[in-house]
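Numbering (this note's numbering), first residue to last: 6 to 487.
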């Protein structure tokens, strides 16, 4: 028996599972979700793909080489993972009032009714929740339980896939101590390197260190907190996540940006995405940050802080362009990001806002408008264009969602040379048929990925999705999401 039970829930292969849920043809097949360009990385992969050695954050090119011919690679779909996540967590929050959500697919909870419960009672409760989530969304999840967050997190990993694992307190050291020290929540690459230099390889080795050695090798406050975790002391409360301190967006390009025009176009792209998140947050920003990663993988950042918080896009973007690095300063750039921080709900009117909005001609070289380019793709050639991998000569981007007036919802499997091949299917349709159409077929149009869920009643009540009709266009969905 134990007094406290903390549970960690993690949706199994969430991104790939959503793809398989809404595209029945992919069920049972290796699926990679991520960037399709030369520098793309795997955002998620199905368990069928993991069996061949793929994993998240792996370079996509390497992952694809590991896959069999039956594997499918799809681009992440804007707007679909959020609604699915909210439906999952609506089930969880109906049973647990306080949920510490870590991301779209994982969270901690500490149900009051499990205080002092037996192992079997915890297993039964977790299984019941998993069944509710599966019934509501058709998605699998794994739940781990232990006497603290650290033990619950490790246990959920042992529960995968699609299971429950409960770690009794008397077995904490048995499970924790043999693990590599990097497995301890909070130990990053830098801390791990310092500990390895001292001969510390496992969590047990770390737990056996003297307090003075911990204080010397790691920062005293953080190091001691991690040391106590290694020894099995984890009394951290489960609580709602703190309000975000910043919003940002960044994009990696398949070819290095080498001109000022390209750089400023990239700032526009990242700034637009970050600004939409700022509006969704509802607060204004004081600090604007530009970030670049160079061809040698080094990172450079530059920030400027206003004397007031604002949601004025012209002001924020003017500052972003003013502080942006250029290839002439730092060399070829492969990643560009824009962030807004110093968030404050008290917005101020400024007497002379044009002073902060000023950008010299030298600071801002106009680039191409990105809004008219399908799926963010831009041809290489114009000095101001953002480089990309051009998948075909077609406006219909492979793996994008479409709707046909006769055949219904589908997704593009291939395009080019005047024709487009579409697999017409959605969550409730079962595996669909593949039809080849002319590119200019009047019945074919782009469609929001959300429509593939076939959840009209749920989406009508989801304020974030703001969708009340099936087959709404991507443009309308994006406008409503803003």
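Ideal Cβ positions, reconstructed from N, Cα and C, are used throughout, including at glycine.
(request) Specify whether the segment 447-466 and the segment 416-436 touch according to this definition: at least 3 beta carbon pairs, one from each stretch, less than 8 Å apart. (result) The answer is yes - the segment 416-436 touches the segment 447-466, with three or more Cβ pairs under 8 Å.
(request) Give the range of the beta strand (DSSP E) segment to which residue 105 is assigned. (result) Position 100 of the chain shown, counted from the start, is the residue given in the question as residue 105. Where residue 105 is concerned, the enclosing beta strand (DSSP E) stretches over 104-108.
(message) Is it the case that the segment 70-78 contacts the segment 110-130, given that we only count it when at least three CB pairs across the two stretches are under 8 Å?
(response) Fewer than three beta-carbon pairs drawn from the segment 110-130 and the segment 70-78 are found closer than 8 Å, and the two stretches are therefore not classed as touching.
(request) Work out the CA separation of residue 431 and residue 173 for me, nearest whole Å. (result) Numbered from 1 along the chain shown, position 168 holds the residue referred to as residue 173. Numbered from 1 along the chain shown, position 426 holds the residue referred to as residue 431. Going by the C-alpha atoms only, they are around 42 Å apart.
(message) Please report the straight-line C-alpha distance between residue 128 and residue 106, rounded to a whole angstrom.
(response) On the chain shown, position 123 is the one that residue 128 refers to. On the chain shown, position 101 is the one that residue 106 refers to. So the alpha carbons of these two residues sit roughly 21 Å apart.
(message) Using 9 Å as the threshold, is the C-beta distance between residue 159 and residue 134 below it?
(response) Residue numbering aside, residue 159 sits at position 154 when the chain shown is read from its first letter. Residue numbering aside, residue 134 sits at position 129 when the chain shown is read from its first letter. In this structure, residue 134 does not lie closer than 9 Å to residue 159 by Cβ.
(request) Take residue 287 as the anchor and find which of 297, 249, 296 has the nearest alpha-carbon. (result) Taking the chain shown and counting its residues from 1, one reaches residue 287 at position 282. Measuring from the Cα of residue 287, the nearest candidate turns out to be 249.
(message) Which residue wins for smallest C-alpha separation from residue 151, given the options 140, 163, 145, 312?
(response) Here residue 151 refers to the residue found at position 146 when the chain shown is read from its first residue. Nearest option by C-alpha distance: 163.
(request) Over the uninterrupted alpha helix (DSSP H) stretch that includes residue 284, give me the two end residues. (result) Residue mapping note: residue 284 aligns to position 279 of the chain shown, counting from 1. Taken as a continuous stretch (DSSP letters only), the alpha helix (DSSP H) holding residue 284 covers 265-286.
(request) Express the C-alpha separation of residue 232 and residue 202 in angstroms, rounding to a whole number. (result) Translated into the one-based positions of the chain shown, residue 202 becomes position 197. Translated into the one-based positions of the chain shown, residue 232 becomes position 227. Whole-angstrom Cα-Cα distance: 17 Å.
(message) Residues in the same chain with beta-carbon distance under 6 Å from residue 66, minus the five sequence neighbours each way, listed in chain order, please.
(response) Against the chain shown, residue 66 aligns to sequence position 61. None.
(message) Once DSSP output is grouped into helix, strand and coil, what is the label at residue 8?
(response) Your numbering for residue 8 matches position 3 in the chain shown. DSSP places residue 8 in coil when its eight states are reduced to three.
(request) Give every residue of the same chain whose Cβ lies closer than 6 Å to the Cβ of residue 50, excluding the five residues on either side of it in the sequence, and list them in chain order. (result) If you number the chain shown from 1, residue 50 lands on position 45. Sequence-distant partners of residue 50 (beyond 5 residues in either direction) whose C-beta falls short of 6 Å from its own C-beta, in its chain, are 21, 37, 59.
(request) Let me know if residue 4 comes out buried or exposed under the rule of 16 or more other beta-carbons within 10 Å of its beta-carbon. (result) Residue coverage of the chain in this structure runs from 6 to 487, which leaves residue 4 outside it and unanswerable.
(request) State the Cα-Cα distance for the pair residue 8 and residue 120, rounded to the nearest angstrom. (result) By 1-based counting over the chain shown, the position of residue 8 is 3. By 1-based counting over the chain shown, the position of residue 120 is 115. Rounded to the nearest angstrom, the two C-alpha atoms are 5 Å apart.
(request) Could you check the C-alpha separation between residue 11 and residue 334 for me, to the nearest Å? (result) Counted from its first residue, the chain shown places residue 11 at position 6. Counted from its first residue, the chain shown places residue 334 at position 329. Between residue 11 and residue 334, the C-alpha separation is close to 50 Å.
(message) Between the alpha carbons of residue 244 and residue 220, how many angstroms are there, rounded?
(response) In the chain shown, residue 244 corresponds to position 239, counting from 1. In the chain shown, residue 220 corresponds to position 215, counting from 1. Answer to the nearest angstrom: the Cα atoms are 28 Å apart.
(message) Given a cut-off of 9 Å on the beta-carbon distance, is the pair residue 307 and residue 329 in contact?
(response) For the purposes of this step, residue 307 is identified with residue 302 of the chain shown, where counting begins at 1. For the purposes of this step, residue 329 is identified with residue 324 of the chain shown, where counting begins at 1. Cβ distance < 9 Å, so residue 307 and residue 329 count as in contact.
(request) Classify residue 345 as helix, strand or coil using the three-state DSSP reduction. (result) Against the chain shown, residue 345 aligns to sequence position 340. Of the three classes helix, strand and coil, the one that applies to residue 345 here is strand, per DSSP.
(request) With DSSP collapsed to three states, give me the class of residue 314. (result) To locate residue 314, count along the chain shown from 1; it is residue 309. Strand.
(request) Could you check the C-alpha separation between residue 405 and residue 291 for me, to the nearest Å? (result) Residue mapping note: residue 405 aligns to position 400 of the chain shown, counting from 1. Residue mapping note: residue 291 aligns to position 286 of the chain shown, counting from 1. If I take the Cα positions, the gap works out to 37 Å.
(request) In angstroms with no decimal places, state the Cα-to-Cα distance between residue 148 and residue 155. (result) As a working note, residue 148 is residue 143 in the chain shown. As a working note, residue 155 is residue 150 in the chain shown. If you take the alpha carbons of residue 148 and residue 155, they lie about 13 Å apart.
(message) Using the three-state DSSP reduction, which class does residue 408 fall into: helix, strand or coil?
(response) Position 403 of the chain shown, counting from 1, holds the residue named residue 408. Correct three-state label for residue 408: strand.
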